[in-house]
Structures are given as C-alpha cells and as structure tokens.
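Residue numbers (the working numbering), protein chains in the order written: chain A, 1 to 266; chain B, 1001 to 1266.
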C-alpha cells in the first residue's frame, strides 16, 4: 500500500487569476483522481503577467486550508514565481505534471504570450516537467465549467501517460457557448493582433491616463487549422508551444543572415 | 529638404531598467545619427517583466526633457506597455525600428523569456516592426558601454536596410570583459536553466520570506554555436527569436500527437 501511495503522480496546480478563482478550484475537482495535488497560486489576480518574475521584492508563501484533498498555498508573486516557489519550497518531490488555470479568459492566438496562465506552464516546461495551461474564453467567474471536465481529464491522462517532448507544453482553450463543445483539436495559433488598445481618460487635474482595452482581429479567419477558428466554432483547441524561441534566420532571410552571421572589427 | 526630413527613419527606444538607466542613454547616443528618436521607458526598474501587460491599473505617460535630440517619455507601466503607449499615443507615425536596452544584465539563454528588454522587442515585433533588444552581461550601471557602439550601429544599420522576417526579432548580448569584443556572431540560445533560486530569510515575526537569486548552468558548455559560449569567450551574440511559439507536435511525438489530434465526445 505504501508503495502504491508513493507511486501516485504529484500534480502541481497554478494559475494567474489567484487562489480564490473558481477556475482553479474546478481544475482541482476535475483532476484530483489522477494524483496528489498541490496548488500554489498568486494571492490575487495576476492576469497578463506573462513569464514575469519578482526580482526585487520579497516573496511570501502561505499555506491555506486544504481544498478537496489538495494542499493549497498562496504567494505574493507572479504565476512563474508560484511554480518556482512550489518546486523549491512547497513540494516534497518533483512533480510529474504542472497544470495551470482554468483561466477565465482566452489565451488563444497571440494572448499566449501575455498570459500568466501560460507563463506558469512555460515555467513548468523550463523545469523539464510536462505542463499544460487551460483557459476558457469567458471572463465570467460564474460561467459553468463542468462541460470541460472530460476534455481536461482526457488531456491530463494522456500527458501523464505519454509525457511531452522536451521544451514543449500545451495551451488548451475552451469556447464558452451555452452548449459545451463535443470536440477538441490540435491546431496552431492563428495570426492576428490587438488594435485600439487604450481608452484615454482625463483625471480631475486635467491629466490623461490610459486603460487597456482593445479589439482582437484574426488575420486569417478562414483558416480552419487555428485555435481562434476552433473557438469560434464551439470546438476546444490545443496548441503545442515551444519554450525555446530561437529561429534559424538563415532559412528565412539569407541576405540579412549572411551579413549578421559574423561581424569582425579590428 | 522637407521631403528628406520626412524620410528620416523613426526609431522607438524602450528598455526595462527605466528611463534614467545609463544603458538607454548610451543606446540613444549610439543610434541618433540613424533617424528621429523617440524614447518611451518605464519610470523605474522593471527587470524580469517578460511580456507582462498592465491590465487593471491606470497607465500614465509623461513627457520629459529631450535627451540628445530624442523625445523622452516615462510610463508607469511595463516594457510592453511602453511600446503600446508609444505606438498609440506618443508617436506621430509608425516607427521603422524598435530598439530596447541596452539592458544592464544578460538576456542570453533562457533569460530571453523573462526579460522585459526582450518583452519590448517582442511587442515591437507583434506590431510588425523590425525590433532588436540589446543587453550587456554586467549589472554595473557604471560599466563603460562605448566598446559596443560599433556593434549596435552595425546591427541597426543592417536591420534598417534589410528589415527582419515577419514575426522574428533579434536578441543581441554583449560580454563585459575589460577589453571590448572585436567579434559578433549569429548563434542560438544555449540549453540551460537556473537552480537554487531563492534565498530564504526569516523576518522579525519568525515568518519566512524568499528573495530571488540562483545559479545559471549551461547544459552544453562546449557548444560553440550558442550565445552563452560566445559571451564566455568575449564575443557578442545575436540570436534570432520568434514571436509565434507554436510547434508542430506531429514532428516530435507522433503517438501523443495522434491521440490529441482530434478528441470527440458524444
């Protein structure tokens, strides 16, 4: 029995919406059967934190009451800080899986780059641990997430069984139609970007300030092999994403590549 | 004359060490001959901010005194916020180039992911603008940067002339030996990671807190085609890095790829 106990996978759960967000609680509910769960999340919202790390402030790690069998911790840091603090301080062994989310808001397309949810997944990946981020397009914390349970379980079971290639993690996004999706596809991030990103306001002293907003435009709305297309057609999307961002410039722009390849001054 | 004036390239300068860091001032000195310079930087240090964006707080953009012919602005935001605010609010036309830095600290290897300097470069890239981040391995704000001038000018001249492939920006790092480098190479990010990342302290109430520190280990120290190897041999490094992180899982792990390709539930 002891041996069996010890063989249960250890799963680290993180997010960027904070330890009290419904998304992370549902994620724990969905995957608790797969292993021992330790959850280390920010003590409040940290959306849009990307892979930010806290370099100058002191970090705190606070044990909270268990939730559904999971050990719960809050940190004062970013999602990446949560994964680092978990691995160095909160966990008694190396985790077999890092899952992040379920984020309240889409992390499809270019959002993957700004996402704190995916920041935590990339950090797990940097430690060489199979890592998956889950997000739902709805920002409504009251949105019913139960329709995603079978997809979350499917992905977690497969990744626990098969692992992931070195330096690759998964970005899973769910649509938020009234009827849950019945299908999930492995696709790529669509090309697209945000525009009109600030609302300009004037304060009581006549000074301007800016609040982030904006409109996302999919630049290839007809491409059926993209995350954004899936989400617009009530299909869950999986995009495999790389930690290493190096590209071989010589395959893309030979003239510039040649002129930058080796620069010598005497 | 008017036409010639209007043809001068517009260069946006950003950083993560803040508007008063020596690195950004030297960068402006080095490249002022190439065009009209507008500099939009955080109002204080924002190291390790990656591609973080400010989602809930109000942002301020403040015009400061010009520096060496450059228009200078400080923001209350992250490096990515600086680029966004510059493009939407501070600039009167689309910039021809975004340069970020010169960062006081290495952004080679995995540091590129956490770097606010490179966050600004990636954001410029997201707008479709050729973008380059410059960093020096020394954290000493008093370190003499003059030996890098010819390399900065060389890269800026080439990128202004040739552009960069869509979705690719450059991560340039300089070693900080007493004798400046005479060579710069186009290479790849080395494999490696940080360990022992926290110093644990106990406060006056007996409660622990954590401060980020750590040791970087290059996992392939003999690979001469990497940024870390170059920097350890007094050679400046250029790594071309991609905005889009999508990878084709089917080329890496066919079994998992096959099982995730299409998941259907009735």
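For each residue, glycine too, the CB sits at the ideal point set by N, CA and C. This one's a predicted model, so the numbers in the text were calculated from it and none came from an experiment.
Please return the same chain residues whose Cβ sits closer than 8 Å to the Cβ of residue 1210 of chain B, not counting the five positions on each side in sequence. Sequence index remark: in the second chain, residue 1210 of chain B carries index 210 (1-based). Once the five neighbours on either side are set aside, the close Cβ partners of residue 1210 of chain B are 1198, 1199, 1200, 1201.
Do residue 1101 of chain B and residue 1027 of chain B come within 7 Å of each other at the CB atom, strictly closer than that value? Residue 1027 of chain B sits at position 27 when you count from the first residue of the second chain. Residue 1101 of chain B sits at position 101 when you count from the first residue of the second chain. Yes, Cβ-Cβ distance for residue 1027 of chain B and residue 1101 of chain B is below 7 Å.
Minimum Cβ-Cβ distance from residue 1174 of chain B to chain A less than 7 Å: The residue given as residue 1174 of chain B occupies position 174 in the second chain. For residue 1174 of chain B, the answer is no, since every Cβ of chain A falls outside 7 Å of its Cβ.
Given residue 64 of chain A, which residues of its chain have a CB within under 8 Å of its CB, disregarding the five upstream and five downstream residues? Locating residue 64 of chain A in the first chain gives position 64, counting from the first residue. Excluding sequence neighbours, residue 64 of chain A sits near 19, 72, 73, 74.
Of the residues that make up the segment 151-168 of chain A, which ones have a beta carbon closer than 8 Å to any beta carbon in chain B? 151, 154, 155, 158, 159, 162, 163, 164, 165, 168
Which residue marks the beginning of the alpha helix (DSSP H) containing residue 1107 of chain B, and which one marks its end? Residue 1107 of chain B sits at position 107 when you count from the first residue of the second chain. That residue, residue 1107 of chain B, is in no alpha helix (DSSP H); it is neither H nor E in DSSP.
Less than 7 Å between the beta carbons of residue 1126 of chain B and residue 1010 of chain B, yes or no? For this step, residue 1126 of chain B is matched to residue 126 along the second chain. For this step, residue 1010 of chain B is matched to residue 10 along the second chain. No. Outside cutoff.
Spell out a yes or no on whether the segment 27-36 of chain A and the segment 107-115 of chain A are touching, meaning 3 or more CB-CB pairs, one atom from each, closer than 8 Å. no
Minimum length 3: unbroken beta strand (DSSP E) runs contained in the segment 1174-1217 of chain B: 1183-1187, 1192-1195, 1198-1202, 1208-1212
When the cut-off is 7 Å and only beta carbons count, does residue 183 of chain A lie next to chain B? Here residue 183 of chain A corresponds to residue number 183 of the first chain, with the count starting at 1. Closer than 7 Å: yes.
Would you mind working out which of B/1082, B/1152, B/1087, B/1092 sits nearest residue 1184 of chain B, comparing C-alpha positions? The residue given as residue 1184 of chain B occupies position 184 in the second chain. Nearest option by C-alpha distance: B/1152.
Report all residues from its chain with a CB closer than 8 Å to the CB of residue 8 of chain A; omit the five preceding and five following residues, and keep chain order. Numbered from 1 along the first chain, position 8 holds the residue referred to as residue 8 of chain A. Here the set comprises 35, 36.
Spatially closest choice to residue 1050 of chain B from B/1081, B/1022, B/1029, by CA coordinates: Reading the second chain from its first residue, position 50 is the one you call residue 1050 of chain B. The residue with the shortest Cα to Cα distance from residue 1050 of chain B is B/1081.
By the DSSP assignment, the beta strand (DSSP E) with residue 240 of chain A in it spans what residues? To locate residue 240 of chain A, count along the first chain from 1; it is residue 240. That run of the beta strand (DSSP E) goes 236-242.
Under 8 Å, CB to CB, which of the residues in the segment 1029-1051 of chain B have a partner in chain A? 1045, 1047, 1048, 1049, 1050, 1051
Assuming the contact rule is C-beta atoms closer than 8 Å, residue 1190 of chain B and residue 1226 of chain B should be a hit. Round their C-beta distance to whole Å, please. Here the question's residue 1190 of chain B lines up with position 190 in the second chain. Here the question's residue 1226 of chain B lines up with position 226 in the second chain. With 8 Å as the limit, residue 1190 of chain B and residue 1226 of chain B qualify as a contact, their Cβ atoms being about 4 Å apart.
Could you tell me the alpha carbon to alpha carbon distance between residue 173 of chain A and residue 43 of chain A, rounded to whole angstroms? Position 173 of the first chain, counted from the first residue, corresponds to residue 173 of chain A. Position 43 of the first chain, counted from the first residue, corresponds to residue 43 of chain A. Spanning the two alpha carbons is a distance of roughly 24 Å.
Pull up the DSSP beta-bridge partners for residue 14 of chain A, would you. Sequence index remark: in the first chain, residue 14 of chain A carries index 14 (1-based). Partner(s): A/100.
Nearest-angstrom Cβ-Cβ length linking residue 1079 of chain B and residue 1046 of chain B, presumed shorter than 8 Å: For this step, residue 1079 of chain B is matched to residue 79 along the second chain. For this step, residue 1046 of chain B is matched to residue 46 along the second chain. Yes, residue 1079 of chain B and residue 1046 of chain B are in contact; Cβ-Cβ is about 6 Å, under 8 Å.
Have a look at residue 155 of chain A and residue 53 of chain A and give me their C-alpha separation to the nearest angstrom. For the purposes of this step, residue 155 of chain A is identified with residue 155 of the first chain, where counting begins at 1. For the purposes of this step, residue 53 of chain A is identified with residue 53 of the first chain, where counting begins at 1. Each residue's alpha carbon lies about 28 Å from the other.
Looking at chain A, is there any beta carbon in it that lies within less than 7 Å of the beta carbon of residue 1134 of chain B? To locate residue 1134 of chain B, count along the second chain from 1; it is residue 134. Answer no: the Cβ-Cβ gap between residue 1134 of chain B and chain A never drops below 7 Å.
DSSP bridge partner residues for residue 1134 of chain B (one or two, in chain order): The residue labelled residue 1134 of chain B in the question sits at position 134 within the second chain. Partner(s): B/1172.
Using the Cα positions of residue 1157 of chain B and residue 171 of chain A, report the straight-line distance between them to the nearest angstrom. Counted from its first residue, the second chain places residue 1157 of chain B at position 157. Counted from its first residue, the first chain places residue 171 of chain A at position 171. In a straight line, the C-alpha of residue 1157 of chain B is about 38 Å away from that of residue 171 of chain A.
Under 7 Å, Cβ to Cβ, is there at least one residue of chain B near residue 253 of chain A? Locating residue 253 of chain A in the first chain gives position 253, where the first residue counts as 1. By this cut-off, residue 253 of chain A is an interface position.
Close-in-space but distant-in-sequence residues of the same chain around residue 1022 of chain B (CB under 6 Å, 5 per side omitted): For the purposes of this step, residue 1022 of chain B is taken as the residue at position 22 of the second chain. Closer than 6 Å at the Cβ level, and outside the excluded window around residue 1022 of chain B, lie 1141.
Which class does residue 1053 of chain B belong to by DSSP, given the choice of helix, strand or coil? As a working mapping, residue 1053 of chain B is identified with position 53 in the second chain. Reduced to three states, the DSSP call for residue 1053 of chain B is coil.
Quick check: residue 217 of chain A and residue 196 of chain A, are their CB atoms within less than 7 Å of each other? Here residue 217 of chain A is taken as the residue at index 217 of the first chain, counted from 1. Here residue 196 of chain A is taken as the residue at index 196 of the first chain, counted from 1. For the pair residue 217 of chain A and residue 196 of chain A, the CB atoms are not nearer than the 7 Å cut-off.
Going by beta carbon distance, what residues of the same chain come within less than 8 Å of residue 193 of chain A, once the five residues before and after it are set aside? In the first chain, counting from the first residue as 1, residue 193 of chain A sits at position 193. Same-chain partners within the cutoff: 110, 216, 217, 219.
Beta strand (DSSP E) containing residue 9 of chain A: first to last residue? Translated into positions along the first chain, residue 9 of chain A becomes position 9. Premise fails: residue 9 of chain A is in no beta strand (DSSP E) and is neither H nor E.
What are the residues of the segment 1049-1073 of chain B that lie near chain A, defined by any Cβ-Cβ distance shorter than 8 Å? 1049, 1050, 1051, 1052, 1053, 1054, 1055, 1056, 1058, 1059, 1060, 1061
Using the beta-carbon of each residue, which ones in chain A are nearer than 8 Å to residue 1224 of chain B? Taking the first residue of the second chain as position 1, residue 1224 of chain B is located at position 224. Here the premise fails: no neighbours, minimum Cβ distance about 12 Å.
For the candidate residues B/1233, B/1251, B/1162, B/1213, whose alpha-carbon lies nearest to that of residue 58 of chain A? Residue numbering aside, residue 58 of chain A sits at position 58 when the first chain is read from its first letter. Residue 58 of chain A has its Cα closest to that of B/1213, out of B/1233, B/1251, B/1162, B/1213.
Nearest chain B C-beta to residue 1 of chain A closer than 7 Å, yes or no? Sequence index remark: in the first chain, residue 1 of chain A carries index 1 (1-based). Low confidence applies to residue 1 of chain A: its pLDDT is 42, below 50, so where it sits in the model is not reliable enough to give any reading.
Taking 8 Å as the limit between beta carbons, can you name the residues of its chain near residue 1003 of chain B, skipping five residues before and five after? Here residue 1003 of chain B refers to the residue found at position 3 when the second chain is read from its first residue. Annotation note: pLDDT 48 at residue 1003 of chain B (below 50); position unreliable, coordinate value reported separately. Counting only Cβ-Cβ distances below 8 Å, and skipping sequence neighbours, we find nothing.
Would you identify the three-state DSSP class for residue 150 of chain A, choosing helix, strand or coil? For the purposes of this step, residue 150 of chain A is taken as residue 150 along the first chain, with counting starting at 1. DSSP places residue 150 of chain A in helix when its eight states are reduced to three.
Could you check the C-alpha separation between residue 139 of chain A and residue 145 of chain A for me, to the nearest Å? For the purposes of this step, residue 139 of chain A is taken as residue 139 along the first chain, with counting starting at 1. For the purposes of this step, residue 145 of chain A is taken as residue 145 along the first chain, with counting starting at 1. Each residue's Cα considered, the two are about 12 Å apart.
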